[in-house]
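Using the working numbering, read the sequence shown as starting at 88 and increasing by one per residue. Heads up, the beta-carbon is just placed ideally off N, CA and C, and yes, glycines get one too. Below: one structure, written as C-alpha cells.
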Amino acid sequence: MLPQGSRLVYRPGVLGLAKLRYADAKSKVDLWQDVALLISLTGDVPESLWEEATPIPVGDLDYQDQPADQARFAGVDTALTRNKQYGTWEKDLKNYLYQERPLKLWFSGDPKLYSDPDETEADFRARLKLLLREERDLQIEKLRAKYASKLETIQNRIRTAEERVAREESQYSDKKMSSFLSIGTTIFGAIMGRKIASATNVRKASTAARSVGRAAKEYDDIERAQEALKVQQQKYEELEAEFQQELDELEAPIRPEDLEIEEYLVRPRKSDLMINEVAFTWLPWSVDEATGISEPLYQRDVR
C-alpha cells in the first residue's frame, strides 16, 4: 500500500533466475536449489552488477503485467536497452553464482560428521553431542570389560597369595610348637639327672636344633608369602586407579559449544548450473512528495 503523501515511481532493475546443483561425495549432499537475484538501478549500471544484487526467495516473486494507474517511470540507462548486454550478464551471473554461492555445511573431524544442508550450527552441535555420548557409552562398556578381566586375574592371585600366607603361618606354628617340645624334653631330661652328654641327649639336642632351624625357615617363608601378597595388592590398587582415571576422562561432561567444528563449503556444480533468465524489470518505489525520500515497495533484502 502506498503511504499517504507519497507517489508511486517505477525504477528499472535486473532480475536473474538460476538453478544450482550442489553435489559432494564426502558430505553425501546432492540437491538442487532455485536462486533469484534482484538489483534496483537508480543510476548508472555498476560493473559488478550481481555483487550488488539482493537474493530473494523465488516463491516471493510477484509479477504484474500492467503498471498501476498514475504511476511514474524513472529514466533508464542505455545499457539496459541493449540485448547483447543481457548475454554478458548471463555469463557474469553464472561465474558469480559458482564463486559466491557455495552451500555452507558444518564438519566435525572427530567423530567424522557433516551437517545436513538445512541444519543450523546449534542443531549440528546438539546432534554431534548425542553421537559422542553414544560412542562414549560403548567405550565405557569396553573399558569395564577390559579392566574387569585384568582385575579378576589379580584378585585370583591375591586369593592364592592369601592362602599361601595362611598355609605358611600354620606350618610355622606347628614347627614352632614341635621345636618347643623338643627343647623342653632335652632340658627336662638334664634336670632329671640324665647325662647331658650321653648319645641320646646329643641326638635329642641335635633334633631340637634342627626343629628350631626349620621353624626359622618357615618364618622366612611367611615373610616371603606376605611380601608376594603385598605385591599383588599393590598391583590391584594401581590397576584400579588406572581404570578410574580412564573412566573419569570418558565420563567428563560434553559441552556442545566446546566441540571443534569448521565450515565446509560445497560449490555448485558448474556443468549443472543453469541460468533460467536475466531480464529487465520495473520495480515499484514509494517517493515522499515533501522530502523526496524513497522506499522500495517490492521484496526487501532477506540476507
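Task: Y97 beta carbon less than 8 Å from that of A158 - done: yes
- [ ] Grab the span of the alpha helix (DSSP H) containing D121 for me, first residue to last.
- [x] That residue, D121, is in no alpha helix (DSSP H); its beta strand (DSSP E) goes 116 to 127.
- [ ] Put I227 into one of helix, strand or coil per three-state DSSP.
- [x] helix
TODO: Report buried or exposed for V289, applying the criterion of at least 16 other Cβ atoms within 10 angstroms of its Cβ.
DONE: Low confidence applies here, because V289 scores a pLDDT of 47, under 50, leaving its location unreliable and the question unanswered by this model.
Open item on the list: So, at 8 Å on beta carbons, what are the nonlocal neighbours of A315 in its own chain, with the 5 sequence-adjacent residues on each side left out?
Closed with: A248, R251
- [ ] Flag this pair as yes or no: are the beta carbons of K191 and E347 separated by less than 8 Å?
- [x] no
Open item on the list: Looking at chain C, is there any beta carbon in it that lies within less than 8 Å of the beta carbon of P142?
Closed with: Considering every chain present, this structure includes no chain C. It has just one protein chain.
Task: Selection from R246, I380, A209 that minimises the alpha carbon distance to Y323 - done: R246
- [ ] May I ask which residues mark the beginning and end of the beta strand (DSSP E) holding A372?
- [x] Ala is not the amino acid found at residue 372; the sequence shown has Trp there. Run containing W372: 361 to 375, per the beta strand (DSSP E) assignment.
Open item on the list: Please state the DSSP three-state secondary structure of Y382.
Closed with: It is Glu, not Tyr, that sits at residue 382 in the sequence shown. E382 falls in the strand class under three-state DSSP.
- [ ] Note the first and the last residue of the continuous beta strand (DSSP E) segment covering K357.
- [x] First-last for K357: undefined, no H or E at that position.
- [ ] Pull up the distance between the alpha-carbon of V145 and that of M361, whole angstroms please.
- [x] 15 Å
Task: Own chain residues within Cβ distance below 7 Å of S114, not counting five before or after - done: L192, Y201, Y351, V353
Task: Minimum C-alpha distance to Q153 - residue among Q320, S381, T368, R244 - done: T368
Open item on the list: Assuming the contact rule is C-beta atoms closer than 8 Å, A123 and L148 should be a hit. Round their C-beta distance to whole Å, please.
Closed with: 6 Å
Task: First through last residue of the beta strand (DSSP E) which encompasses T141 - done: 141 to 143
Open item on the list: Would you call the segment 333 to 345 in contact with the segment 178 to 187, where contact means no fewer than 3 C-beta pairs closer than 8 Å?
Closed with: no
Task: Own chain, CB closer than 8 Å to Q215, minus 5 neighbours either side, in chain order - done: The sequence as given places Leu at residue 215; Gln does not occur at that position. The answer, listed in chain order, is S195, P198, L200, P343, L346, I348.
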